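Written out below as structure tokens is the structure these notes cover.
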Amino acid sequence: MEKYRRSNNYVNIANSFYINKNLEKALLYYFKALEFDNIKDEYINIYLNIAQIYFELDEKYKAIDIYQTILKKFGDIKEAYYGIAVMYDYLDKFKEAEKYYVESLKIDNTFRDALFFLADLYDRKDEVEKAILYYKMTIEKHPNDYMAYNNLGSIYEQNSKYKEAIKFLKKSIEINPNYYLSVFNLGIAYKGLDDYINAEKYYLLALELNPLESNIYLNLSALYIESKEFEKSYNILNKGIENIPTSENLFYNRSCVNLKFNKINEAMDDLEIACELNPRIADYSLIDKDFDDLRKDSRYLKIINDYLK
1 MEKYRRSNNY
11 VNIANSFYIN
21 KNLEKALLYY
31 FKALEFDNIK
41 DEYINIYLNI
51 AQIYFELDEK
61 YKAIDIYQTI
71 LKKFGDIKEA
81 YYGIAVMYDY
91 LDKFKEAEKY
101 YVESLKIDNT
111 FRDALFFLAD
121 LYDRKDEVEK
131 AILYYKMTIE
141 KHPNDYMAYN
151 NLGSIYEQNS
161 KYKEAIKFLK
171 KSIEINPNYY
181 LSVFNLGIAY
191 KGLDDYINAE
201 KYYLLALELN
211 PLESNIYLNL
221 SALYIESKEF
231 EKSYNILNKG
241 IENIPTSENL
251 FYNRSCVNLK
261 FNKINEAMDD
271 LEIACELNPR
281 IADYSLIDKD
291 FDDLRKDSRY
301 LKIINDYLK
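Number 24 in the UniProt record's numbering belongs to position 24 of the sequence shown; there are no gaps in the numbering.
Written out as structure tokens, the structure is:
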């Protein structure tokens, strides 16, 4: 309508600046849009956009103030409660985040993101039963939510309930075969059952889906070491380093494998690169039994002394 034209024009300008990553200008024009008449839903969207920009500018408390403004002006808006919850979540304020996730769900108990991230919050805080409850609620309301199935399976795997884990992880993969994390976690669950054949199978499938995830190479390497297949372990670490040359853990683990072949110089080369990438590796090597025979080796001592914190 004509009476809303000026506000909408400023919104369009703000949207353009936002798309072009000019957040300060976008903020300016969203605030300008609020100075003119518009419908309630459009005002709410403008405030939500402003809060989102404050979040992206790392001004989380300003974002909270904007969400609170929405609640004061327009009443119970689930997105505003959810936005406050997310801000408190990022600020590591667990109780406040929990409170506002719950408030958003009181308005809409099917609100996927509130269900999922409340479950995720409980998961991160090791409140396992609550995490399971809310992931199951997410799945009940959103039966194709492959991420919820994956996270639920991961919880069961971490609690050594491997058969339950496999059930949920397979469901995640059935919904989205290209979600590498579910495939990778399925490998971990099979490893928990000492099923090395399926563990290797799913690790390799995960690697096809995401060749830039260092943990897949590390888990495969560990699997091969446990099976005394040191050559395979060495080769998979080589492949990992080719794809992720900045991973200190891959270099460190290849150093350990080199020690098993008694390739001391190569092991020291890899250890030094690992320490260059992350000096804390030096501290870890001091308690790693793989290096026990090198505690008095001059090159090992030099590397440790150079990087020890």
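Positions of the beta carbon are idealized from the N, C-alpha and C atoms, including for glycine.
Here the structure is a predicted model, which means the values were calculated and not measured.
For A51, which residues from the same chain have a beta carbon less than 7 angstroms from its beta carbon, with the 5 sequence-adjacent residues on both sides left out?
-> Here the question's residue 51 lines up with position 51 in the sequence shown. If we look at A51 and ignore the five residues flanking it on each side, its Cβ neighbours are A63, I66, Y67, G83.
Cutoff 7 angstroms; reference Y156; Cβ partners in own chain excluding five residues on either side = By 1-based counting over the sequence shown, the position of residue 156 is 156. Result list for Y156: E164, A165, F168, in chain order.
Can you tell me whether DSSP reads D7 as helix, strand or coil?
-> Working through the sequence shown from its first residue, we reach residue 7 at position 7. First, the residue type needs correcting, since residue 7 is Ser and not Asp in the sequence shown. Judged by DSSP in its simplified three-state form, S7 adopts helix.
Kindly list the residues whose CB is nearer than 8 angstroms to the CB of Y203, restricted to its own chain and excluding five residues on each side of it in sequence; keep chain order.
-> For the purposes of this step, residue 203 is taken as residue 203 along the sequence shown, with counting starting at 1. Taking C-beta separations shorter than 8 angstroms and ignoring five residues to either side along the sequence, the partners of Y203 in its chain run F184, G187, I216, N219, L220, L223, following chain order.
Would you call the stretch 264–278 and the stretch 229–236 in contact, with 3 or more CB pairs under 8 angstroms?
-> Judged by Cβ distances under 8 angstroms, the stretch 264–278 makes no contact with the stretch 229–236, as fewer than three pairs qualify.
Continuous alpha helix (DSSP H) assignments of at least 4 residues falling wholly in the stretch 152–190 | Correct list: 162–175.
Give every residue of the same chain whose Cβ lies closer than 8 angstroms to the Cβ of K141, excluding the five residues on either side of it in the sequence, and list them in chain order.
-> In the sequence shown, residue 141 corresponds to position 141, counting from 1. Same-chain partners within the cutoff: N109, T110, R112, L115.
For F90, count neighbouring Cβ atoms within 10 angstroms of its own Cβ and tell me buried if that reaches 16, exposed if not.
-> Counted from its first residue, the sequence shown places residue 90 at position 90. It should be pointed out that residue 90 corresponds to Tyr in this sequence rather than to Phe. The residue in question, Y90, is exposed, as its Cβ has fewer than 16 Cβ neighbours within 10 Å.
In terms of residue numbering, what span does the alpha helix (DSSP H) encompassing G240 cover?
-> Counting from one through the sequence shown, the residue named residue 240 turns up at place 240. Bounds of the alpha helix (DSSP H) holding G240 are 230–243.
Rounded separation between G153 and L193 - CA only = As a working note, residue 153 is residue 153 in the sequence shown. As a working note, residue 193 is residue 193 in the sequence shown. Rounded to the nearest whole angstrom, the CA to CA distance from G153 to L193 is 14 angstroms.
Check whether the Cβ atoms of A26 and I46 lie closer than 8 angstroms to each other.
-> The residue you call residue 26 lines up with position 26 of the sequence shown. The residue you call residue 46 lines up with position 46 of the sequence shown. Their beta carbons are not under 8 angstroms apart, which means A26 does not touch I46 by this criterion.
For T69, which of helix, strand or coil comes out of DSSP?
-> Within the sequence shown, the letter at position 69 stands for residue 69. Helix, per DSSP.
Simplified DSSP state of F111, which is helix, strand or coil | As a first step, residue 111 must be located in the sequence shown, where it is residue number 111. Here F111 sits in coil by DSSP.
Expected contact under 8 angstroms - CB spacing of I241 and R254 to nearest Å | By one-based count along the sequence shown, residue 241 stands at place 241. By one-based count along the sequence shown, residue 254 stands at place 254. About 7 angstroms; that satisfies the 8 angstroms criterion.
Terminal residues of the continuous alpha helix (DSSP H) containing R299?
-> Position 299 of the sequence shown, counted from the first residue, corresponds to residue 299. Unbroken alpha helix (DSSP H) run through R299: 298–307.
Which residues mark the beginning and the end of the alpha helix (DSSP H) in which T138 is found?
-> If you number the sequence shown from 1, residue 138 lands on position 138. Unbroken alpha helix (DSSP H) run through T138: 128–141.
Near A274, what residues of its chain come up, given a Cβ to Cβ distance below 7 angstroms and the 5 sequence neighbours on each side ignored?
-> Translated into positions along the sequence shown, residue 274 becomes position 274. E248, F251, Y252, S255, I281.
Distance between beta carbons of E56 and L23, contact taken as under 8 angstroms = Locating residue 23 in the sequence shown gives position 23, where the first residue counts as 1. Locating residue 56 in the sequence shown gives position 56, where the first residue counts as 1. Contact between L23 and E56 holds, since their C-beta atoms are separated by about 6 angstroms, short of 8 angstroms.
Reduced DSSP category for F291 - H, G, I as helix; E, B as strand; rest coil = Working through the sequence shown from its first residue, we reach residue 291 at position 291. Collapsing the DSSP output to three states places F291 in a helix.
Close-in-space but distant-in-sequence residues of the same chain around E79 (CB under 7 angstroms, 5 per side omitted) | On the sequence shown, position 79 is the one that residue 79 refers to. Once the five neighbours on either side are set aside, the close Cβ partners of E79 are L48.
If we ignore side chains and look at the alpha-carbon of each, how far apart do P211 and L71 end up?
-> Here residue 211 is taken as the residue at index 211 of the sequence shown, counted from 1. Here residue 71 is taken as the residue at index 71 of the sequence shown, counted from 1. Linking P211 to L71 through their CA atoms gives a straight-line distance of about 45 angstroms.
By Cβ distance, which residues of its chain are closer than 6 angstroms to Y180, with the 5 residues on each side in sequence left out?
-> Taking the first residue of the sequence shown as position 1, residue 180 is located at position 180. Only A206, L209, N210 meet the Cβ criterion.
Length at least 4, wholly inside the stretch 251–290: the alpha helix (DSSP H) runs in chain order | Counting only runs of 4+ residues, the alpha helix (DSSP H) found wholly inside the stretch 251–290 occupies 264–277, 280–285, in chain order.
Could you round the C-beta distance between Y88 and S104 to whole angstroms and report it? I think they count as a contact, below 8 angstroms.
-> Along the sequence shown, one-based indexing puts residue 88 at 88. Along the sequence shown, one-based indexing puts residue 104 at 104. That pair is no contact at about 12 angstroms.
Helix, strand or coil at F36 according to DSSP, with G and I counted as helix = Sequence index remark: in the sequence shown, residue 36 carries index 36 (1-based). F36 falls in the coil class under three-state DSSP.
What's the gap between the Cα of E35 and the Cα of N8?
-> For the purposes of this step, residue 35 is taken as the residue at position 35 of the sequence shown. For the purposes of this step, residue 8 is taken as the residue at position 8 of the sequence shown. Approximately 11 angstroms between the Cα atoms of the pair.
Any heavy atom of the ligand FAD within a distance shorter than 7 angstroms of the CB on D37?
-> Because no ligand of any kind appears in the structure shown, any question about the ligand FAD cannot be addressed here.
For the candidate residues K260, E276, D283, Y307, whose alpha-carbon lies nearest to that of residue 312?
-> Limits of the chain in this structure are 1 at one end and 309 at the other, which puts residue 312 out of reach.
Expected contact under 8 angstroms - CB spacing of K171 and Y149 to nearest Å | Walking along the sequence shown from the start, residue 171 turns up at place 171. Walking along the sequence shown from the start, residue 149 turns up at place 149. Contact holds; Cβ gap of about 5 angstroms.
For L74 versus K40, is the C-beta spacing smaller than 8 angstroms?
-> Position 74 of the sequence shown holds residue 74. Position 40 of the sequence shown holds residue 40. According to the sequence shown, residue 74 is Phe rather than Leu. Inclusion of F74 and K40 in the CB contact set at 8 angstroms is warranted, their separation being smaller than that value.
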